[in-house]
Amino acid sequence: MTGFVKATVGVVAAALALESVRAAAVAQLEPRAISLTTKVTTSHTAQTTLSTSVSTEAPTTTTPLEVSTSVPSPTAALNATLPAQSPLAAKQAWCPSEIFCNGALLQTINIAQLYGDAKTFVDKPTVGTSNATLLDFYALYNTSVISNYSAVTYGALETYVETDYQGEGLELEAGTLPSNTTPAFLQPGTTSITSPVILGWAEIVHSYWSDLVRNTNTSTLCDGVKCESTLIPLNHTFVVPGGRFREQYYWDSYWIIEGLIQSELYSVANSSLQNFMDELEHYGFIPNGGRIYYLNRSQPPLFMKMLYAYVSATNDLSILNRALPLAEVELNWWHNNRTVNVTSPYSNNTWELARYAVVNTAPRPEGFLEDYLTTNGPDLTTPYTEDQKADLYAELASGAESGHDYTARFSSNPYVGGNSSDQYPILRTLQVRETIPVDLNSILCKSSSLLADLYTQAAQNSTRAAYHTQVAATLKSAILDIFWDPTKLAFYDFSVTANARNSWFSPAAFYPYWSGIVPDEVASNSTNALAAFSAVRMVLSRYNGTFPASFVQTGLQWDAPNAWPPHQFIIIEALQNLPANVTSVALPALSSEVSSFSLVPSGQLGLDESALPIQPLLSGANATGTGPGADINEIDSSNGTTVVNGGDPVVGEAWNAVLARELANRYMSAVFCSWYSTGGSIDGLLPRLPDSVLNSTFSLNNTGNMFEKESMFDVDIAGSGGEYTVQAGFGWTNGVTLWIAANFGSVINTPSCPGINTTTTTSTDASIDAAAYRRALIGRQMRSNIRDTRGRAVRGKPERKAMAKKFFKLKSTLPSWMWGKK
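Shown next as C-alpha cells:
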C-alpha cells in the first residue's frame with residue numbers, strides 16, 4: 009500500500025475510533041464529563057492501493073531536510089488563564105481529526121495564540137498516538153468534568169504543545185534534482201539573454217529549485233496509529249512554494265511547472281503531474297494543497313494548462329494515457345460541484361457557469377484564529393447567530409478556493425474598512441458564492457479546448473475531442489455574453505445578487521484574452537484593442553512597480569498595492585494573444601494634454617482618477633495624483649517612448665509588444681531588486697551589499713529573497729498585508745522569472761534599483777553610486793512634473809526638452825547597467 013493512501017486512511021481510521029473522546033469536544037462548549045483514564049483503541053479500515061505511473065527519467069534522490077520547530081510565544085503571562093471562548097462550530101465531516109480539525113483542542117490552542125501563524129500548529133505531527141495526545145490535553149484541566157475550556161493557563165498549553173508535538177514539516181525530506189545543471193536558455197551560445205547581470209541572476213534562480221524540491225519522508229510518516237499528522241503524503245517528487253507553504257499546492261504548481269520546463273527539469277514536472285493524478289484518482293478532485301484540512305476545496309483548475317505545457321515541451325504523449333481520463337474527472341467535479349445556471353439579463357440566454365462555493369461551516373484549521381475573530385470578534389456590536397457564522401465560514405473558505413484570499417473584489421462593500429490593517433470588517437462582507445468569476449470560467453473554457461487538442465494529438469477518442477470543442481465554444485459564448493462590457497471595453501465578474509456585472513476592475517479582466525477569447529469589438533478595431541489594455545499602459549506610466557491585484561487599497565493581500573507574479577504572466581500572455589491586425593500600430597505618445605489615465609475608457613476602472621493610489625516619490629513626497637504629471641515614468645528617446653525599468657524601445661515595435669516588453673522588464677526589476685536588497689549577489693559581477701545596508705532590510709543573514717508578491721509602488725520591496733507575513737522562496741516567483749528570462753531575454757535590461765543607499769563596485773559592467781542614482785531618480789520625477797505658467801505638464805515642449813537634456817547629462821554619468829544598457 010502506498011504512503012499516500014496508508015497515511016490518509018490512517019488519519020480517518022484513528023478519528024473514527026475516537027468517538028468516546030470526541031464526546032468531550034465535538035458539540036457546544038458546555039459542561040460535560042470525560043474519564044481521564046479512557047482507553048481508545050484504533051482500528052484499520054479497508055486499504056486500497058493507488059495506481060501510479062513511473063517517469064522514464066532518472067528519479068531524484070533524497071537528503072535530510074532541516075525541520076523548523078516554532079517556539080510557542082504566549083501573548084499573556086504564563087499563569088494567566090485564557091479568555092472566554094465562543095461555542096464551537098459544527099464538526100466537519102470532511103475533516104475528522106479531533107486534534108487538527110475544528111474542535112475544542114484546536115480552538116483552545118488558537119485562542120491562546122501560541123504561534124504567530126495558525127498554520128504552524130496544524131502542520132506539527134504529534135509525538136505520540138492520537139489518543140495519548142488528546143488525553144494529555146484533557147489532563148490539563150485536572151478535572152473529569154470540563155465545563156470551561158478556557159480554564160487553563162497559557163503556561164500549561166505552552167508546555168503541552170512543546171511536549172506533545174514535533175517540528176512542522178517533519179514528514180517531508182529534501183529531494184536532489186537530476187544532474188542537468190545548465191539548461192539551454194542559460195548556456196553561452198544558445199542563450200538569448202543579453203544582460204550579464206540578468207544571465208547570472210537567472211542561473212542563481214534556476215539553482216533555487218534544489219531548495220524547494222521535496223519527497224515524502226516515509227521513515228517519519230504518521231499513519232494515524234503511532235502518531236497523527238495533517239500531511240497528505242504524495243508518491244512522487246514535488247516542488248513547494250516555500251516559507252509556510254511546506255506542501256504541494258494546486259494553482260501555484262502551474263507557474264512552478266512553467267519554470268521547471270525552462271530549467272529542463274522535465275522529470276520533476278512529470279512527477280508533480282503524477283501527484284495531481286493520484287489525487288484525482290483518490291479524491292475525485294485536486295485539493296487546494298497537500299494537507300487534510302484542504303480536503304473540502306480546490307483552487308483555480310489549472311491542471312490542463314500544466315499538462316498541456318508539459319506535453320508541448322516534451323512531446324511525451326505517453327502521459328496522456330493516464331492523464332486524459334483524469335482530466336475528465338476534474339472537469340466533471342467542477343461541473344457537478346461548482347456550476348450553476350445563470351440567465352443573462354443582456355441576452356436572456358441561460359448558461360452553465362462555475363463559481364467558487366465551498367461547503368464549510370467552521371473556521372479553516374490553517375486560518376482558524378482569523379476566521380474565529382471574523383465571526384466572533386470583540387468589535388462586533390451585534391453578535392452573529394450560529395447560522396450567520398456558518399454562512400461566513402463558507403465565504404471565507406470559498407475565498408481561499410479562489411486563490412485570492414482575500415480581496416475586496418468579492419465584497420459587497422469594498423470600502424467598509426478603508427486602507428486598514430483591521431481586515432475583519434471587509435471580510436464580513438464577502439460574497440464569493442454569489443459571484444460568478446470571469447477568471448474561473450475562462451480557465452475552464454481553455455481547459456476544455458486544450459483537452460480536445462490533446463485528444464487529437466494522442467489520436468484518442470475523437471468523440472470526446474468534438475464534445476470538448478463544443479463545450480469550449482459554448483462557454484466562450486457565455487463569457488462574452490455575461491462578463492464582457494462592450495462600452496467599457498473590459499471583462500467583469502457577474503453578481504448573482506445584483507443580476508448584473510460588477511464594476512470591480514482587476515487582472516481577472518485579462519483572463520479571457522489569456523484563454524484565447526477576444527471580443528469582436530477588440531479583434532476588429534485597433535483603437536478598441538488599445539483601450540482594452542490601457543490600464544496596463546497606465547500602471548507602467550504612473551507607478552514604479554508592476555500591475556496590482558486591484559486599484560483599491562484595503563489592507564487585504566490581493567488588493568493594491570500588492571502585485572502578484574501570476575498576474576504579470578497572464579497579462580503578458582494576454583497581450584501576446586491579440587491578433588496582429590489590431591496590434592501593428594505604434595503605442596500612442598503621451599503629451600501635456602494626454603495622460604495615461606485619459607486613454608482609459610470612461611468607467612473601465614470603476615474609479616475616478618483622484619481615487620487611484622498615488623505613487624510615493626523617493627524624496628518623501630507623493631507624485632501628482634491626476635493629469636499628465638502623474639505619469640512619472642515616461643521616457644522619450646530617439647526610438648520612441650518607454651518607461652523606467654521597461655527596457656529599450658525599438659523602432660516599429662507593435663504596441664502590444666511594447667507593453668509586454670515593459671511589463672516583463674518591470675517584473676524582472678521588481679523581483680531582482682528585492683532579491684538584491686535582501687542580500688543577493690552574483691560572483692564576479694555583483695557583490696553583496698554592505699552589512700550596514702542589509703541591516704536596514706533585516707537581511708544580514710540572507711543571500712537574497714524571492715518573494716511571493718511585489719508592490720505596484722516600488723521595485724525593491726515585497727508586497728504586504730494578509731493573514732501571514734510575506735513569504736520567501738518562492739515557487740511561482742521563480743517560475744515566472746525563468747519563463748521571462750527564457751522568452752524575453754533579448755529585451756530584458758539590467759534593472760535600476762532605487763533606494764539602496766550605498767556605493768558598491770563590481771567588475772566590468774558595474775558600479776552603483778547610490779547618491780548619484782537617487783539624484784537621477786529625483787531628477788526623473790522632477791522632469792515628469794515640469795509645469796507651464798498655467799500648471800500644465802509641458803511634455804514635449806522646448807523648455808521641457810531643455811530640462812530633459814540636463815537630466816540625460818546626469819544620467820550619462822551613471823553606470824550603464826543601471827540604465828538598462830546591454
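So in the working numbering, spot 170 of the sequence shown is number 178, and the numbers just go up one at a time. In this text, a Cβ means the ideal position worked out from N, Cα and C, and glycines have one as well.
*N- and C-terminal bounds of the alpha helix (DSSP H) containing V744*: G739 to F752
_Proximity to R436 [Cα-Cα], best of I444, P445, S470 and L388_ = L388
*Considering only C-alpha positions, which residue in the set W259, A750, V755 and V593 is nearest to N198?*
According to the sequence as given, residue 198 is Thr; it is not Asn. Considering only alpha carbons, the answer is A750.
*From N552 to S677, what does the alpha carbon distance come to, in whole angstroms?*
10 Å
_Looking only at its chain, what residues have a beta carbon closer than 8 Å to the beta carbon of R509, apart from the 5 residues adjacent to it on each side?_
I490, F491, D493, Y500, D501, F502 and S503
*Between the region 738-750 and the region 558-578, do three or more beta carbon pairs fall short of 8 Å?*
yes
*Kindly confirm or deny that the region 298-308 and the region 102-121 touch, where touching means at least three C-beta pairs closer than 8 Å.*
yes
*Excluding the 5 residues preceding and the 5 following Q561 in the sequence, name in chain order all residues of the same chain whose CB lies nearer than 8 Å to its CB.*
N427, D567, A568, P569 and P621
*What residue ranges within the region 172-223 form continuous beta strand (DSSP E) runs of no fewer than 3 residues, ordered along the chain?*
180-184
*Could you check the C-alpha separation between T226 and T89 for me, to the nearest Å?*
39 Å
*Does DSSP classify S320 as helix, strand or coil?*
helix
*Report the rounded CA-to-CA distance for E601 versus P636, giving the unit in angstroms.*
7 Å
*Mind pulling the alpha helix (DSSP H) runs of 4 or more residues that sit fully within the region 535-621?*
542-550 and 573-584
_Closest Cα partner of Q396 within the set S155, Q439, L564 and N357_ = Q439
*According to the neighbour-count rule (16 or more other Cβ atoms, all chains shown, within 10 Å of its Cβ), is D219 buried or exposed?*
exposed
*Find the nearest neighbour of S599 within the set G407, N344, I640 and R330, judged by alpha-carbon distance.*
I640
*Is it right to say Y423 is buried, meaning 16 or more other beta carbons lie within 10 angstroms of its own, or is it exposed?*
exposed
*D260 versus G648, A416 and G737, residue with shortest Cα-Cα distance*: G737
*Evaluate contact between the region 452-461 and the region 371-380, counting only Cβ atoms and requiring at least three cross-stretch pairs below 8 Å.*
no
*Between which two residues does the alpha helix (DSSP H) harbouring S504 extend?*
According to the sequence displayed, residue 504 carries Val and not Ser. Careful: V504 lies outside any alpha helix (DSSP H) and carries neither H nor E.
*What's the C-alpha gap between E661 and S532?*
20 Å
_Buried/exposed call for L497, threshold 16 Cβ in 10 Å_ = buried
*Give the DSSP-derived three-state secondary structure of S624 in the structure shown.*
Note that residue 624 is Pro in the sequence shown here, rather than Ser. P624: strand per DSSP, three-state reduction.
*The alpha helix (DSSP H) spanning E378 covers which residue range?*
F376 to N384
*Out of curiosity, what's the CA-to-CA distance linking V666 and L165?*
58 Å
*Hey, quick one: how far does the beta strand (DSSP E) through N349 stretch, first residue to last?*
T347 to T351
*For M312, which residues of its own chain have a beta-carbon under 7 Å away from its beta-carbon, when the five flanking residues on both sides are left out?*
A335, S455, L458 and L459
*Could you tell me if E106 is buried or exposed, where buried requires 16 or more neighbouring beta carbons within 10 angstroms of its beta carbon?*
buried
*To the nearest angstrom, report how far apart V659 and A594 are at their CA atoms.*
9 Å
_C-beta atoms of T151 and L86 nearer than 8 Å_ = no
*Put S456 into one of helix, strand or coil per three-state DSSP.*
helix
*Any idea which residues DSSP pairs G687 with across the strands?*
Note: G687 sits in no beta bridge, so no partner.
_Whether or not the region 352-369 and the region 399-415 are in contact is what I'm after, with contact meaning three or more pairs of Cβ atoms, one per stretch, closer than 8 Å; do they touch?_
yes
*the region 135-153 touching the region 178-189, judged by at least three CB pairs closer than 8 Å*: no
*Terminal residues of the alpha helix (DSSP H) in which E394 lies*: E394 to E409
_Here's a check: name, in chain order, each residue in its chain whose Cβ is nearer than 8 Å to the Cβ of A571, leaving out the five neighbours to either side._
G553, T554, F555, P556, A557, A678, K717, E718, S719, M720 and G727
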